[in-house]
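Okay, structure first, notes after.
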Amino acid sequence: ALEPAPSGPTAALLQALRLHEAPRAVPTLRPVPPVMWRLFRRRDPQAARAGYPLRPCHVEELGVAGNIVRHIPDSGLFSRSPEPTRTRGLRPKWTVTFDLSGVDPVERPTRARLELRLEAENRDRHGWELSVALWAESPGTELLRVPVPPGLPLRADLLGAVVAANMSVPRTLRLALSLHCGATTARAHLAEASLLLVTLDPRLCPPPRSRR
Amino acid sequence: HTEPGVGGSPWGACRMRRLHVSFREVGWHHWVIAPRGFLANFCQGTCTLPEVLPRSGGPPALNHAVLRTLMHAATPTPGAGLPCCVPARLSPISVLFFDNSDNVVLRHYEDMVVDECGCR
Numbered sequence: 087a088l089e090p091a092p093s094g095p096t097a098a099l100l101q102a103l104r105l106h107e108a109p110r111a112v113p114t115l116r117p118v119p120p121v122m123w124r125l126f127r128r129r130d131p132q133a134a135r136a137g138y139p140l141r142p143c144h145v146e147e148l149g150v151a152g153n154i155v156r157h158i159p160d161s162g163l164f165s166r167s168p169e170p171t172r173t174r175g176l177r178p179k180w181t182v183t184f185d186l187s188g189v190d191p192v193e194r195p196t197r198a199r200l201e202l203r204l205e206a207e208n209r210d211r212h213g214w215e216l217s218v219a220l221w222a223e224s225p226g227t228e229l230l231r232v233p234v235p236p237g238l239p240l241r242a243d244l245l246g247a248v249v250a251a252n253m254s255v256p257r258t259l260r261l262a263l264s265l266h267c268g269a270t271t272a273r274a275h276l277a278e279a280s281l282l283l284v285t286l287d288p289r290l291c292p293p294p295r296s297r298r
Numbered sequence: 343h344t345e346p347g348v349g350g351s352p353w354g355a356c357r358m359r360r361l362h363v364s365f366r367e368v369g370w371h372h373w374v375i376a377p378r379g380f381l382a383n384f385c386q387g388t389c390t391l392p393e394v395l396p397r398s399g400g401p402p403a404l405n406h407a408v409l410r411t412l413m414h415a416a417t418p419t420p421g422a423g424l425p426c427c428v429p430a431r432l433s434p435i436s437v438l439f440f441d442n443s444d445n446v447v448l449r450h451y452e453d454m455v456v457d458e459c460g461c462r
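Quick note, the sequences are listed as chains G and C, same order.
Per my numbering, residue 87 is the first one in the first sequence, and the count goes up by one each step.
Per my numbering, residue 343 is the first one in the second sequence, and the count goes up by one each step.
Encoded structure:
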């Protein structure tokens, strides 16, 4: 599904933008997440001139170093049952998969935020927690446990616990999620899952030149 | 799209010229979400007297460039020509696009737009 490798000025422009592959002719269109529009507008040089100085290689809104932000949807979303998972004494469990093959090995992650939208019949979610582990055939070690906020998207920072900060990211990240509901019985559905990944490509961020 | 040459010499004095890259015209409009193109601009022109001398509203020139222009005017020397007309100030751009895995990507690039040219 790839177009033939471009040549001439188009290839030079691709190289200048550090894009190695010729992009696919027509991507699967999906709505652009509001957070990505917000980050794009925040980096608009005209907005910066209007009184918001921009630090090079820094994502102000997220408060981290970086020059590339990716919104990566869960690639297993459509294979999941739309029906809520019933607990019957067991914890609701899901597997989410993120395709990170487009991340260059030289990029270093500075923020990896898992965002989930859970739909549950229970209104009282007091004491609910989400457990995050790397997916494996046998139950993997829990790497992170975060409280489930009522009515809001659940956000969990994976950097450090699940994604190493100073290393290349894996080509695929598959996570096993399980919901701990305390003593209550829950029927919950994972409606949406995505990963907001911020990375720093040092090649796009040259060090400041010193004056002689 | 580039700015056409001006009368007299092919380009006249050193200054910023308009260069706009349209993503539609390079066939990238299917996957680049925003912007629709970018105003890259470029520098072109000669750094001769009196244009190279510092003046209000003119391109900023380094002292070294002024000295070199004066020497060239007095004694043209092969191999030691006029200073170059190059970017003096650049600004960044951000590009929002779909990658090959249909992820939405925001990439930020430093020094992509010429804001000002000068003799160096």
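All residues carry an ideal CB built from backbone N, CA and C; glycine is no exception.
Nothing here was measured: the structure is a model prediction, and the numbers come from that model.
When the five nearest sequence neighbours on each side are left out, the beta carbons in the same chain lying within less than 8 Å of the beta carbon of G:R203 are those of P239, L240, L276, A277, E278, A279, in order along the chain. Within the same chain, Cβ atoms closer than 7 Å to the Cβ of C:R462 are found at L404, A407, P425, C426, V428, the five residues on either side in sequence being excluded. Taking the Cβ atoms as the reference, C:S364 lies roughly 25 Å from G:G188, outside the contact range of under 8 Å.
Going by DSSP, G:H275 is part of no alpha helix (DSSP H) but of the beta strand (DSSP E) stretching over 273 to 286.
Taking the CA atoms as reference points, C:L438 sits about 32 Å from G:L229. At least one CB atom of chain C sits nearer than 8 Å to the CB of G:D185. Listed in chain order, the non-local C-beta contacts of G:M122 below 6 Å within the same chain comprise H157, local neighbours out to five positions each way being set aside. In the three-state scheme derived from DSSP, where H, G and I count as helix and E and B as strand, C:T417 is classed as coil. The residues L204, R211, W214, E215, L216, L240, L265, in chain order, have a CB closer than 8 Å to that of G:V234 in the same chain once the five nearest residues on each side in sequence are set aside. The C-beta of C:H450 comes closer than 8 Å to at least one C-beta of chain G. Judged by DSSP in its simplified three-state form, C:L391 adopts coil rather than helix or strand.
Secondary structure at C:M454: strand, using DSSP grouped into helix, strand and coil.
The Cβ of C:V428 sits no closer than 8 Å to any Cβ of chain G. Taking C-beta separations shorter than 7 Å and ignoring five residues to either side along the sequence, the partners of G:E147 in its chain run R124, L125, R128, following chain order.
Residues of the segment 386 to 419 of chain C with a C-beta atom less than 8 Å from some C-beta of chain G do not occur.
Among the residues facing chain G, C:F384 is not included, as its CB has no counterpart in that chain under 8 Å away. Within the model, the alpha-carbon separation for G:R289 versus C:R449 is close to 12 Å. One Cα belongs to G:L99, the other to G:H106, and the distance between them is close to 11 Å.
When only Cα atoms are considered, G:R273 and G:P178 end up about 8 Å apart. Taking the CA atoms as reference points, G:R104 sits about 25 Å from G:D160.
Setting aside the 5 residues that flank it on each side, G:D185 is surrounded in the same chain by I158, S161, T258, each with a C-beta closer than 7 Å to its C-beta; the list follows chain order.
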